[in-house]
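Visitor:
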Amino acid sequence: MKKSISFVLNGEPVRAEIEPHLTLLHLLRDELELTGTKEGCGMGECGACTVLLDGRPVNSCILPAMEVDGKNVTTIEGLIDAQGNLHPIQKAFIEHGAIQCGFCTPGMVLSAKALLDENPKPTEEEIRNAIAGNLCRCTGYLQIVQAIKAASNQ
Amino acid sequence: MEEFINIGKRIPKTDAEEKVTGRAVYIHDLKVPGMLFGKILYSPHAHAKILNIDTSRAERLLGVKAILTGYNIPSIKFGFYKDNVPLKAGKVRSCRDEVAAVAATDPDIAEEALDLIRVDYEILPSVFDPEEAMKEGAPLVHDEHVGGKEKRPTNVLNLPWRLIAGDVDEARRQSAYVAEDRFRVTWVTHCCMGTSGCLAQFDLKNNLTIYSITQIPSLAQRDFTEALSAMGLQGKKVRVIKTMIGGGFGSKLDTYAFEYIAILLAHKTHKPVKIVFSREEEFFATSPRQPAIIDIAQGCTRDGRLTFRDVRMILDNGAYTSWGATTPSVMMMPISSLYKVPNVRYVAKCVYTNNTYSQAMRGYGNPQATFAIDSQIDILAEMAGIDPLDFRLRNANTPGEITPQNFKIITCGLRECIDAVAQKLDWRQNRGRRDGRGVGMASLIHVGGGARVYKSDGCGTIIKIDDFGTVNVFTGATDMGQGADTVIAQIVAEELGVRTEDVVVIHTDTDVCPWDVGAHASRTTFVAGNSALGAAKKVKQLLLEVAGQTLGESPENLDIRDRTVFSKRDPEKKSPLGKVLRAAHYTTGGRMVMAEYFYDPANENLDREFKGNLSVTYSYGTHGVEVEVDKETGQVKILKYVAAHDVGKAINPMLLEGQVYGGVAMGIGYALTERLISQNGKVMNPNFLDYKMLTAKDVPNVDPIVIETNDPFGPFGAKGIGEPGLVPTAPAIANAIYDALGVRIKDLPITPEKVLAALKQKTKPQ
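Taken in sequence, the protein lines are chains A and B. In terms of my numbering, the first sequence opens at residue 18 and continues consecutively. In terms of my numbering, the second sequence opens at residue 5 and continues consecutively.
1) Under DSSP, the alpha helix (DSSP H) around residue 287 of chain B begins and ends at which residues?
2) Could you tell me if residue 482 of chain B is buried or exposed, where buried requires 16 or more neighbouring beta carbons within 10 angstroms of its beta carbon?
3) Out of A:159, A:139 and A:150, which one is the CA nearest neighbour of residue 171 of chain A?
4) Around the C-beta of residue 275 of chain B, are 16 or more other C-beta atoms found within 10 angstroms, so that it is buried, or is it exposed?
5) Based on the DSSP output, what are the partners of residue 216 of chain B in its beta bridges?
6) Taking residue 486 of chain B as the reference, give the member of B:92, B:527 and B:319 with the closest Cα.
7) Within the same chain, show all residues whose beta-carbon is closer than 7 angstroms to that of residue 158 of chain B, passing over the 5 residues directly before and after it, in chain order.
8) What first and last residue would you give for the alpha helix (DSSP H) that runs through residue 558 of chain B?
9) In the DSSP assignment, what are the bridge partners of residue 450 of chain B?
10) Within the same chain, show all residues whose beta-carbon is closer than 6 angstroms to that of residue 643 of chain B, passing over the 5 residues directly before and after it, in chain order.
11) Go to residue 116 of chain A, then tell me how far its beta strand (DSSP E) extends in each direction, as first and last residue.
12) In the structure shown, what three-state DSSP assignment does residue 644 of chain B receive?
13) Against chain A, which members of the segment 101-126 of chain B pass a CB distance test of less than 7 angstroms?
14) If you run the structure through DSSP and keep just helix, strand and coil, what is residue 613 of chain B?
15) Taking beta-carbon pairs under 7 angstroms, can you tell me which members of the segment 109-120 of chain A lie near chain B?
16) DSSP on residue 703 of chain B, reduced to helix/strand/coil?
17) Contact criterion: CB-CB distance below 9 angstroms. Does residue 334 of chain B meet it with respect to chain A?
18) Starting from the beta carbon of residue 33 of chain B, find every residue of chain A whose beta carbon is closer than 7 angstroms, and list them in chain order.
19) Which chain A residues sit within Cβ distance under 9 angstroms of residue 319 of chain B?
20) According to DSSP, what are the bridge partners of residue 30 of chain B?
21) Taking the Cβ atom as the reference point for each residue, do residue 621 of chain B and residue 723 of chain B lie within a distance shorter than 9 angstroms?
22) What three-state label does DSSP hand residue 370 of chain B in the structure shown?
23) Grab me the residues of residue 126 of chain B's own chain with a C-beta within less than 7 angstroms of its C-beta, minus the 5 sequence neighbours each way, in chain order.
24) Could you please tell me which residues of the segment 60-93 of chain A, in chain order, have their CB closer than 8 angstroms to any CB of chain B?
25) Name the chain B residues whose beta carbon is nearer than 9 angstroms to that of residue 148 of chain A?
26) Would residue 57 of chain A pass as an interface residue toward chain B - the criterion being a Cβ-Cβ separation below 9 angstroms?
27) Whole angstroms is fine: what's the gap from residue 508 of chain B's alpha carbon to residue 78 of chain B's?
28) Pull up the distance between the alpha-carbon of residue 58 of chain A and that of residue 150 of chain A, whole angstroms please.
29) For residue 456 of chain B, which three-state DSSP category applies?
30) Compare the C-alpha of residue 466 of chain B against each of B:446, B:448 and B:493 and name the closest.
31) Apart from the five residues on each side of it in sequence, which residues of its chain come closer than 7 angstroms, Cβ to Cβ, to residue 367 of chain B?
32) Can you pull the chain B neighbours of residue 145 of chain A, defined as C-beta to C-beta under 7 angstroms?
33) Note down, in chain order, all residues in the segment 616-646 of chain B with a beta-carbon under 9 angstroms from any beta-carbon belonging to chain A.
34) How about residue 263 of chain B and residue 204 of chain B: do their beta carbons lie closer than 9 angstroms?
35) Does the beta carbon of residue 161 of chain A sit closer than 9 angstroms to a beta carbon anywhere in chain B?
36) Does DSSP classify residue 140 of chain A as helix, strand or coil?
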């Protein structure tokens, strides 16, 4: 039986009728057509599906969509401001070569955002810890770490 | 020194904005109206007769539109050896063998249908060890496969890799020191973050459009055209459209069963069919790097000059044959030409087993061979009592050299790379402490100027310019994240006197883009770059002719800078590019300003003896590492990592560093942590929890050193750099571990268990 949930998605109120077993990832990708959130493993191991739930990074592929009822969800599509400007973290990723194939990028950017929102001047170790759940095969992570450092004005 | 506007600049990847905002469309994101979802049923057995397949229950499931098995599809053969079919009939030969496929309106329904298909098997004896598989009486993976002079049934492929130069036996007798060792390397896999997939669609005339993530669009087009012929659709057209590719690394260098299955399902249902792999499928149903057993001997003179290299290799081919079976042709490159070695012998056998079949992966055999060669260089240097640094310098390749495989070395920065690494590691200070900390290095040679693997090594480019000065470049090249799109734009922009952002590179559609043999062999910057440069030069000539007419100046007196054509004699005479184009289009009897260029490098196919100048130029590099090994736990910690590469010329240092960083991370995984565990032909760790690729916490900082040798044949002097970043990583680390502890690990990955076992062995009273 379908259940009704309401939540705030990228600043806009959303209501959805969903099957109780539906994951947040599939709600976002299949029902709401927000395909910026990626499915890399479907088992919560790679972080490609990372979104922010009340500002905290979560693996949307293993999170039941029911859990976001009444909460605040931010996806990569929500990072651009109303004027179409990229978030400083996004700009830093572009400028520091932190993007190759790009499949891990949305999740990586959101993990970085969660970190910087909570800890605006992280150490390199803190940056590495914050993105340790986001796998990347192309970059070897170093330019991603540099980008996050740059986005924190360090 | 020439001043460049675009070349040598740290220009962001042209599609970075699309990717960082989540707008880029990968195969997973693609939806077309009426699309069905395809799923594949795999064999649970490594070797078994298929007795019966009952699909009746699955057919009755609501939403199921088609079910295919090996018994109701036309005969389509694919793979390098044409020994594979999309769905198997008669018997299965590995645990990833496709036995049935379903198309349904929903992925969950397709999954459910798979559960309802009943397959009866009779299990056959299987063979998983290539050495066992070579023995008389071993189970035959392909009953009909014959080989050898007697043409008897065998598991040994009819691919006799054999390179002989000089007289190895005589050189061995003359050597002052000879090292002889056996090395082993196992399966590792690409771990592309975007899993495999495709979407196949037929029009009413039975022409096929396939949305794909291939690295070889033109060759895939040929494979799929052949498949259509086998399906009775002779003369039908195939269009390959690439979506954004979520990582390649060689994993998309063949065509695969899932693609043919999607085509067959789409044809059967008259609907678009999409297949996307789960992560588990990506681990067990795509092909990993070849495992190998490597017996190697090398000798040197008393003063440490290499005298010979003698290598025998057995490669586990798995149950079918991909292009990966030709990796020995690339292994020949370091075996014959890494360091100066006058006498070389290399014999390799690829052997069928009931394991997963292997394929191309970044480095294409080179990491396996280089692990053995450059680990043993340290062993030999120690026997000769020479510092391995001096040993390498003494034997380093030099420009002008012709190697035993007849490679003509044009530019070579190997000495500079070795020196740079030694200096960064404080080699003389830090070597030989044996206190748990140690330094090690290893080098590489790789093709850097294309590689004539096929009859052609070519790539086409078309350039047109619009009324506003925007330059459209249609290239055969494939970008899978490595930055081909950007590098090509920079090269064209530099030649045409515009900015990189004025250039739009289109590389996604075989209906639009010219021909190319594919993104392999680190060839794209060199080959597609030279092709783009050739087209740009032709277009420039046309631009100057058109502008010359309006400006009343002869073309040879004109040039382009800052998007403007100007007279070199009279700078007041000038015209913006857009205006030149509009003049060309709006004049009576007007013309288009566009050009095409096909660049096929002057490299050679290997001859019958596997000799020939495979590449126009060669890339070199040396990696150095300082490690600390915990004697209690066997854990290896990387304290310092230096990666020096002779890249010819860095077209884009930022993207270049990205290739090196990514290569090193993959190389460290190969050296220390990654291993596809196969038990009785079944992959036991098909997930990221159990398959240990490096995380952001695991990667060391890497000091990238760029040596520019400005190759005369490279576009603006550049050589290929896509693969080299991981080639010498494993031997450099193995050598550092030896320097730290005095134990030599000869099989990958170097796990803590192996380190501890070796330490125990070492301290055991003799």
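Here a beta-carbon is modelled for each residue, glycine too, at the ideal position from N, C-alpha and C.
Guide: Well, looking at it:
1) 283-289
2) buried
3) A:139
4) buried
5) B:246
6) B:527
7) 149, 150, 151 and 152
8) First-last for residue 558 of chain B: undefined, no H or E at that position.
9) B:623
10) 630 and 632
11) Element bounds for residue 116 of chain A: n/a, residue is neither H nor E.
12) strand
13) none
14) coil
15) 110, 111, 112, 114, 116, 117, 118, 119 and 120
16) coil
17) no
18) 52
19) Ordered by position in chain A, no residue passes the 9 angstroms Cβ test against residue 319 of chain B, which lies about 24 angstroms from the chain.
20) B:248
21) yes
22) helix
23) 52, 53 and 55
24) 60, 62, 63, 65, 92 and 93
25) 699, 700 and 701
26) yes
27) 42 angstroms
28) 12 angstroms
29) coil
30) B:493
31) 727, 730 and 731
32) 700 and 701
33) none
34) yes
35) yes
36) coil
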